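Residue numbering for the sequence shown follows this note's numbering, starting at 15 and increasing by one per position.
Backbone N, C-alpha and C define an ideal beta-carbon position, used for all residues, glycine too.
The model shown is predicted, which means the values in this text are computed figures rather than measured ones.
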Amino acid sequence: LDPSFYYLKIMSTASLEDYLSGFGKTFFFANFISLPACYFGLKVQNGAKEVGIATTKAVVVASIMILIGDFFLSKVFWMIAKWV
């Protein structure tokens, strides 16, 4: 694959809204990952065994939050792009 062909196709199909929505979602995704991790991590009380359980819970909750959050954020950014 020719790099110049790839670059030209990206530049012709990607718009500013695509980049802005991608950058805008990163703030929310960072919170979707860090908040459950901090919550479950700070609840650990009985040593290393519970750390593994808390990690699993945090990963599951963060994954669900990302799936649901991405759906709604995509809708919001789509509506903003259509409105502007």
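Considering just the uninterrupted stretch of the alpha helix (DSSP H) at residue i, what are its terminal residues?
| i | result |
| --- | --- |
| residue 61 | Taken as a continuous stretch (DSSP letters only), residue 61 belongs to no alpha helix (DSSP H), as it is neither H nor E. |
Where does residue i land, buried or exposed, given buried means 16+ other C-beta within 10 angstroms?
| i | result |
| --- | --- |
| residue 37 | exposed |
| residue 68 | buried |
| residue 17 | exposed |
| residue 72 | buried |
| residue 54 | buried |
DSSP three-state label for residue i, please.
| i | result |
| --- | --- |
| residue 28 | coil |
| residue 81 | helix |
I'd like to know if the region 42-54 and the region 72-81 are in contact, where contact means that at least 3 CB-CB pairs between them fall below 8 Å. With contact defined as three or more Cβ pairs closer than 8 Å, the region 42-54 and the region 72-81 are in contact.
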